[in-house]
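Note sheet for the following structure.
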Amino acid sequence: MTSDNAAQSSSDSAVSEQFDVVVIGGGSGGISVSASLLKRDKTLRLAIIEPSSKHCYQPAWTLVGGGVYDVAKTVKATSEVIPQGATWLNNSAQRVDASAHQVELDDGRLIGYQQLVVAPGLRLAWEKIEGVEETLGKNGVTSNYRLDLAPYTWKLVQALENGTALFTQPPMPIKCAGAPQKALYLSCDYWRHQGVASSIDVEFALAGAALFGVAEFVPTLQSYIERYNAALSFNQNLVAVDGPNHKATFEVTNEAGEQVRVEKHFDMLHVVPPQVAPDFIKESGLGNAAGWVEVDPDTLRHTRFEDVFALGDCIGTTNAKTAAAARKQSVVVAVNLLAARNGKELPAHYDGYGACPLTVERGKVVLAEFGYGGKLLPTFPLDPKVPRKLNWWMKTELLPCLYWNGMLKGREWLTRARIDKK
């Protein structure tokens, strides 16, 4: 036996289980790509590594916070969404050894793979805001970015009849970049209909310098900011919260480029936390300088490890981090992974598609769909900048149905992607 064979034998003996494909993450991206892979090849030995017993439809949490959606409808047991034929490993991934084709689990087991799909989502970095974790869910401090807090947002909105409401947005990238302002719009629309809007001072404090990343949608959104008489504060990043004293501290970049700290009073504070890639990505050598998985933005294959693909919120591409993006990416990854498995060129191409249904008022939505470079990619032949009742129906009725019954089951509805025909 050669030394190389001996090393391989030693490595194999340490592996608890071996699979054709291992998928890290059982969220939108992980379940969708697993279903798409198994739909194309039922013989695949495929494992999904996912520690949570709950699977959530997060796009509806802003609706929950606005009082127009039942939070119970956003959650199912993970066991219900695992595709038939897949093995669910109820663990978290601690480390990937891409050279040895192994994933180390939190219980110490090593899982072997021929091909790996990385789709663990991102991590909400609450710790980057001093004092916020101690006061979430009380003292008027809430966030639609957590399942347990979205209903509290709605309670606060209903209870507030006068005072100050602050809505924040951290530095990019974050998932669903429109969600911070969606919380504001639905809250303000409720206060307007209740006749108390004139007694509430509303402020939207953004760490960035623009209301929205795609310029074509800014005039429409700006008109709603003005309708609700909300103040816009750019280049302001929330860094600390004193819940009992109802004070929020922002790091503000002034016109001279200097950073100063400004303290603001609030009666209601909607916090959007900074967001980062899971630590194991960088520690495993899969990440770029910022820690996001380094993939080719066109094929979604890793730039250094040919047997590794990735999708969803964890990747270091410039597309919007949305469930709609994962819906398109899952098909690209499934097609390209199987092509690579058969030694063929990768035929599927991702155009950076993402979608953000902006709920500017109850009953109307601006459906922002765009790709790399902010290129507009509307699904329907309608002016996407116009708020529509049709889009509200899609957001509240069609898209949840599409998610649970289509996307998670490998039914690839509305998954436009360019696939080369050989």
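Note that the sequence shown covers residues 617 to 1038 in the numbering used here.
Glycine residues also receive a C-beta, built at the ideal position from the N, C-alpha and C atoms.
Using the beta-carbon count (16 or more within 10 Å), is residue i buried or exposed?
i            : result
residue 1021 : exposed
residue 786  : buried
residue 765  : buried
residue 992  : exposed
residue 803  : buried
residue 1019 : buried
residue 649  : buried
residue 809  : exposed
residue 722  : exposed
residue 980  : buried
residue 811  : exposed
residue 681  : buried
residue 929  : buried
residue 960  : exposed
residue 854  : buried
residue 719  : buried
residue 982  : buried
residue 776  : buried
residue 622  : Bear in mind that a pLDDT of 34 at residue 622, under 50, signals an unreliable position, so the number given afterwards is only what the model happens to contain. The residue is exposed, with fewer than 16 neighbouring Cβ atoms inside 10 Å.
residue 580  : The structure shown has nothing for residue 580, since the chain only spans 617 to 1038.
residue 1014 : exposed
residue 941  : buried
residue 670  : exposed
residue 998  : exposed
residue 944  : buried
residue 847  : exposed
Measure the CB-CB distance between residue i and residue j and report whether it falls below 9 Å.
i            : j           : result
residue 801  : residue 975 : yes
residue 955  : residue 932 : no
residue 970  : residue 986 : yes
residue 859  : residue 754 : yes
residue 1016 : residue 689 : yes
residue 694  : residue 642 : yes
residue 862  : residue 881 : yes
residue 984  : residue 820 : no
residue 727  : residue 666 : no
residue 822  : residue 796 : yes
residue 746  : residue 857 : yes
residue 789  : residue 677 : no
residue 739  : residue 893 : yes
residue 815  : residue 779 : yes
residue 902  : residue 714 : yes
residue 1039 : residue 831 : Examination of residue 1039 is not possible in this model, given that the chain is present from 617 through 1038 alone.
residue 968  : residue 935 : yes
residue 635  : residue 729 : yes
residue 884  : residue 782 : yes
residue 839  : residue 866 : no
Enumerate in chain order the residues of its own chain whose CB-to-CB distance from residue i is below 8 Å, with the five nearest sequence positions on each side excluded.
i           : result
residue 654 : 660, 662, 699, 700, 701, 702, 1026
residue 919 : 910, 911, 912
residue 750 : 859
residue 768 : 753, 758
residue 774 : 683, 806
Just confirm the distance between the C-beta atoms of residue i and residue j, as a whole number of angstroms; I'd bet it's less than 8 Å.
i           : j            : result
residue 966 : residue 1033 : 7 Å
residue 733 : residue 925  : 5 Å
residue 640 : residue 709  : 5 Å
residue 784 : residue 888  : 6 Å
residue 799 : residue 807  : At roughly 13 Å, the Cβ-Cβ gap does not stay under 8 Å, so residue 799 and residue 807 are not in contact.
residue 869 : residue 851  : 4 Å
residue 834 : residue 826  : 7 Å
residue 899 : residue 711  : 6 Å
Under 6 Å Cβ to Cβ from residue i, same chain only, skipping five residues before and after it: list those, please.
i            : result
residue 964  : 948, 951, 952, 1033, 1035
residue 923  : 731
residue 637  : 660, 662, 731
residue 805  : 977, 978
residue 794  : 972, 974
residue 890  : 741, 744, 786
residue 1004 : none
residue 705  : 663, 665
residue 679  : 685
residue 631  : 726, 728
For residue i, which residues from the same chain have a beta carbon less than 7 Å from its beta carbon, with the 5 sequence-adjacent residues on both sides left out?
i            : result
residue 946  : 645, 648, 649, 652, 927
residue 1024 : 647, 648, 651, 697
residue 876  : 868, 870
residue 914  : 965, 966
residue 707  : 665, 667, 721, 722, 723
May I have a chain-ordered list of the alpha helix (DSSP H) segments no shorter than 4 residues that lie completely inside the region 843 to 904? Taking only runs of at least 4 residues, the alpha helix (DSSP H) segments lying wholly in the region 843 to 904 are 895 to 899.
Quick check for students: name the residue ranges of the alpha helix (DSSP H) that lie wholly in the region 740 to 779, counting only runs of 4 or more. If we require 4 residues or more, the alpha helix (DSSP H) runs fully inside the region 740 to 779 come out as 748 to 751, 766 to 775.
So within the region 889 to 973, which uninterrupted alpha helix (DSSP H) runs reach at least 4 residues, ignoring any that extend past its ends? Counting whole runs of 4 or more residues, the region 889 to 973 contains the alpha helix (DSSP H) stretches 895 to 899, 939 to 957.
Which residue spans inside the region 627 to 714 form an unbroken beta strand (DSSP E) run of at least 3? Counting only runs of 3 or more, we get 631 to 640, 662 to 665, 670 to 672, 691 to 693, 702 to 705, 709 to 713.
Extract the residue ranges of the alpha helix (DSSP H) inside the region 787 to 825, only unbroken runs of 4 or more that lie entirely within it. The qualifying runs are 795 to 810.
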